[in-house]
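If you read the protein sequences in the order shown, they are chains X and Y. Under the numbering used here, read the first sequence as residues 600 to 672, first letter to last. Under the numbering used here, read the second sequence as residues 8 to 139, first letter to last. Below: the structure, in structure tokens.
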Amino acid sequence: MPSADEVKTRIEAAIPGAVAEVETADEVHFSAHVRAQAFEGLSRVAQHRLVYDAFDGELGGAIHALALKTEVT
Amino acid sequence: MSDNEIHTAIASAIADNDVILFMKGSPASPACGFSARTVAMLEALETPFAAVDVLPDPRIRQELSAISKWPTIPQLFAKGELIGGCDIVTEMYEAGELATALGATTPDDAPAEAPVGASAQAAPMGIENRLG
């Protein structure tokens, strides 16, 4: 099971310049607040897709749920 | 139905319905808190919507995600476009943008804060809570 730190690292590695705050109570359900300049000009759906892309098929599997808030920096 | 038929049926449902929600369970009986919250927001806006339960066959979810490039459930579509999952729908609701995106107007009595949906906190189906 991934830790909050692993999820944070994955997001920050996938999106250059991103800063992620990740919380989890059970290492299955996560919540993340991601700030990145890369989100500039993108729709919310496109911003969330960038984050989801860091997890290649694991969402819904090892990571049950990822509540997500994205913000342009 | 073959995988291909499911794929086609989902694509047609998205194209044919102005507002359509793919969810776990039904609007009257959501099987997941995120689906319940999304239904509650649509109901607060008094928006008519079609709903599809993804739970009866795992291929529904698989083919839906192949079409939408979106990994999680629920998924809300308006006029053939993905609006988002529960987080985005909540943000848009609270920013007053959701009704417009759905081609509706926000009713005067809609709560400013996104409603959570009664069933999200209810006891699991079929278990009677005698502790209250």
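Glycine residues also receive a C-beta, built at the ideal position from the N, C-alpha and C atoms.
Could you tell me the boundaries of the beta strand (DSSP E) in which residue i lies?
i	result
glycine 91 of chain Y	88–91
aspartate 604 of chain X	Counting along the chain, aspartate 604 of chain X falls outside any beta strand (DSSP E), though it belongs to the alpha helix (DSSP H) covering 603–613.
methionine 48 of chain Y	No beta strand (DSSP E) holds methionine 48 of chain Y; the alpha helix (DSSP H) holding it covers 40–51.
Is the CB of residue i under 9 Å away from at least one CB in chain C?
i	result
leucine 667 of chain X	Among the protein chains of the structure shown, namely X and Y, there is no chain C.
Identify, in the order they occur along the chain, each residue of the same chain with its Cβ nearer than 7 Å to the Cβ of residue i, setting aside the five sequence neighbours on each side.
i	result
alanine 613 of chain X	Asp652, Ala653
leucine 665 of chain X	Phe629, Ala631, Leu658
alanine 111 of chain Y	Leu52, Thr54
Hey, how far is the Cα of residue i from the Cα of residue j?
i	j	result
aspartate 64 of chain Y	phenylalanine 629 of chain X	26 Å
glutamate 611 of chain X	glutamate 639 of chain X	16 Å
alanine 631 of chain X	leucine 89 of chain Y	21 Å
serine 642 of chain X	methionine 8 of chain Y	35 Å
glycine 87 of chain Y	asparagine 24 of chain Y	8 Å
glutamate 626 of chain X	leucine 52 of chain Y	34 Å
alanine 38 of chain Y	alanine 58 of chain Y	13 Å
alanine 635 of chain X	histidine 647 of chain X	11 Å
alanine 108 of chain Y	alanine 85 of chain Y	7 Å
alanine 16 of chain Y	leucine 667 of chain X	29 Å
valine 96 of chain Y	glycine 660 of chain X	23 Å
valine 695 of chain X	aspartate 604 of chain X	Because chain X is modelled from 600 through 672, residue 695 of chain X falls outside the range shown and cannot be assessed.
Answer with buried or exposed for residue i, where buried requires no fewer than 16 other C-beta atoms within 10 angstroms of its C-beta.
i	result
glutamate 70 of chain Y	buried
lysine 76 of chain Y	exposed
glutamine 82 of chain Y	buried
valine 650 of chain X	buried
glutamate 645 of chain X	Looking at the sequence shown, residue 645 of chain X is not glutamate but alanine. Alanine 645 of chain X comes out exposed.
methionine 600 of chain X	exposed
valine 671 of chain X	exposed
aspartate 94 of chain Y	buried
Considering only residues of the same chain and omitting the five flanking positions on each side of residue i, which have a CB-CB separation below 8 Å?
i	result
glutamate 120 of chain Y	Glu101
serine 19 of chain Y	none
serine 33 of chain Y	Ala58, Asp60
proline 78 of chain Y	Ser72
Hey, is residue i's beta-carbon within less than 9 Å of any beta-carbon in chain Y?
i	result
phenylalanine 629 of chain X	no
glycine 640 of chain X	no
alanine 613 of chain X	no
glycine 616 of chain X	no
valine 644 of chain X	yes
Return no unless some Cβ of chain X is closer than 9 Å to the Cβ of residue i.
i	result
glycine 91 of chain Y	yes
alanine 130 of chain Y	For alanine 130 of chain Y, the predicted structure reports a pLDDT of 44, less than 50, and the residue's modelled location is therefore unreliable. A value from the coordinates is still provided. Taking Cβ atoms only, chain X never reaches closer than 9 Å to alanine 130 of chain Y, which makes this a no.
aspartate 94 of chain Y	yes
arginine 68 of chain Y	yes
phenylalanine 41 of chain Y	yes
methionine 99 of chain Y	yes
threonine 113 of chain Y	no
First and last residue of the alpha helix (DSSP H) that includes residue i?
i	result
serine 9 of chain Y	Segment: none, serine 9 of chain Y is in no alpha helix (DSSP H) and carries neither H nor E.
Is there at least one non-hydrogen atom of the ligand HEM closer than 8 Å to the beta-carbon of residue i?
i	result
serine 630 of chain X	Here there are no bound small molecules, and the ligand HEM is not part of this structure.
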